[in-house]
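J.: Before we start, here is the structure in question, set down as structure tokens.
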Amino acid sequence: GPRCRRPLAVMVVDPRDPAATLGGDSRGTALTRATQAMLRALGVWEQLAPQVQDMRDVMVTDGAGGPHDGRPTLLSFLADDAGGTGAAAMVENSALNAALLAAVQQSPAITLVPQAAVSGLESGSGLARVALATGAGVTASLVIGADGRASPLRKMLGIGTKGHDYGQ
């Protein structure tokens, strides 16, 4: 039969306190159908669903010149039918962040370390050692640096980037 696997132990190190910044982001995020399915699988969708607005039609046009009505449609995503699922769903980031934080706090497999900074990172043969500014350290088989475009973790590992200005 199928083997039951223990969930991976995950540690999230955040220099901010996610709970303290929950109400401050009124921007919106479009959730594709695939993202909605992932949120359902994670048990987050039920809390989030009352705050989600279905997007019935999404049309991508050429942004150059002229009024919106005169622009050619380059790509469109339409609802399946009159009562079907929309192309995507919009949700305010503060609601999405609150639902995800609640799931993290309820998971026995995830340890959240708020208001902590990574001060060093050493990688070796199959393992990495992460040093925190508090003096604590963690050894892991995988480290994910989700710390922005000016990633301190990327810099600690000496991974460079190439980029250019889009003029926008």
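Each residue of the sequence shown is one higher than the one before, counting from 1154 in our numbering.
Ideal Cβ positions, reconstructed from N, Cα and C, are used throughout, including at glycine.
#1: Does the segment 1295-1311 come within contact of the segment 1197-1214, defined as at least 3 CB pairs closer than 8 Å?
#2: By the three-class DSSP mapping on this structure, what secondary structure does Leu1285 have?
#3: Tell me, to the nearest whole angstrom, how far the beta carbon of Val1271 is from that of Pro1305; I am working on the premise that it is less than 8 Å.
#4: On the criterion of 16 or more Cβ atoms from any shown chain inside 10 Å, does Val1213 qualify as buried, or is it exposed?
#5: Measuring straight from C-alpha to C-alpha, what distance separates Thr1314 and Gly1301?
#6: What's the C-alpha gap between Met1243 and Ser1278?
#7: If you draw a straight line from the C-alpha of Thr1185 to the C-alpha of Ala1240, how long is it?
#8: Pick helix, strand or coil for Thr1174, following the three-state DSSP scheme.
#9: Please name the residue in Thr1287, Gly1316, Leu1201 and Ser1260 whose C-alpha comes closest to that of Met1164.
#10: Beta-carbon within less than 7 Å of Val1291's beta-carbon, same chain only, minus the 5 sequence neighbours each way: which residues are those?
#11: Indicate the three-state DSSP secondary structure (helix, strand or coil) for Val1266 in the structure shown.
#12: Let's test the definition: count the other Cβ atoms within 10 Å of the Cβ of Gln1189 and tell me whether it reaches 16, buried, or not, exposed.
#13: Could you spell out the range, first to last residue, of the beta strand (DSSP E) harbouring Leu1274?
#14: Where does Ala1364 sit, in a helix, a strand or coil, going by DSSP?
#15: From the DSSP output, in three-state form, read off Gly1154 for me.
#16: For the alpha helix (DSSP H) that Leu1184 lies in, which residues bound it at each end?
#17: Are Val1266 and Asp1170 touching if we call contact CB-CB under 8 Å?
T.: Looking at the coordinates:
#1: With the cut-off at 8 Å, the segment 1295-1311 and the segment 1197-1214 do not touch.
#2: As a first step, residue 1285 must be located in the sequence shown, where it is residue number 132. Leu1285 falls in the strand class under three-state DSSP.
#3: Here residue 1271 is taken as the residue at index 118 of the sequence shown, counted from 1. Here residue 1305 is taken as the residue at index 152 of the sequence shown, counted from 1. Yes, they are in contact, since the Cβ atoms of Val1271 and Pro1305 sit about 7 Å apart, within 8 Å.
#4: In the sequence shown, counting from the first residue as 1, residue 1213 sits at position 60. Counting C-beta atoms within 10 angstroms of its own C-beta, Val1213 has fewer than 16 neighbours from the protein chains shown and is therefore classed as exposed.
#5: Numbered from 1 along the sequence shown, position 161 holds the residue referred to as residue 1314. Numbered from 1 along the sequence shown, position 148 holds the residue referred to as residue 1301. Each residue's alpha carbon lies about 13 Å from the other.
#6: As a working mapping, residue 1243 is identified with position 90 in the sequence shown. As a working mapping, residue 1278 is identified with position 125 in the sequence shown. The alpha-carbon atoms of Met1243 and Ser1278 are separated by roughly 43 Å.
#7: As a first step, residue 1185 is located in the sequence shown; it is residue number 32 there, counting from the start. As a first step, residue 1240 is located in the sequence shown; it is residue number 87 there, counting from the start. A straight line joining the alpha-carbon of Thr1185 with that of Ala1240 spans about 7 Å.
#8: Working through the sequence shown from its first residue, we reach residue 1174 at position 21. Here DSSP, grouped into helix, strand and coil, assigns Thr1174 to helix.
#9: The residue given as residue 1164 occupies position 11 in the sequence shown. The residue from Thr1287, Gly1316, Leu1201 and Ser1260 with its alpha-carbon nearest to that of Met1164 is Ser1260.
#10: As a working note, residue 1291 is residue 138 in the sequence shown. Same-chain partners within the cutoff: Met1164 and Val1283.
#11: Taking the sequence shown and counting its residues from 1, one reaches residue 1266 at position 113. For Val1266, the secondary structure class from DSSP, reduced to helix, strand or coil, is strand.
#12: By 1-based counting over the sequence shown, the position of residue 1189 is 36. Around the C-beta of Gln1189, 16 or more other C-beta atoms lie within 10 Å, and the residue is accordingly described as buried.
#13: Here residue 1274 corresponds to residue number 121 of the sequence shown, with the count starting at 1. From DSSP, the beta strand (DSSP E) with Leu1274 extends over Val1271 to Ser1276.
#14: Outside the shown range of the chain (1154 to 1321) lies residue 1364, about which nothing can therefore be said.
#15: Here residue 1154 refers to the residue found at position 1 of the sequence shown. Unreliable placement is indicated for Gly1154, whose pLDDT of 49 sits below 50; no coordinate value is reported for it.
#16: Here residue 1184 is taken as the residue at index 31 of the sequence shown, counted from 1. Careful: Leu1184 lies outside any alpha helix (DSSP H), inside the beta strand (DSSP E) at Gly1181 to Thr1185.
#17: To locate residue 1266, count along the sequence shown from 1; it is residue 113. To locate residue 1170, count along the sequence shown from 1; it is residue 17. Going by C-beta atoms, Val1266 is not nearer than 8 Å to Asp1170.
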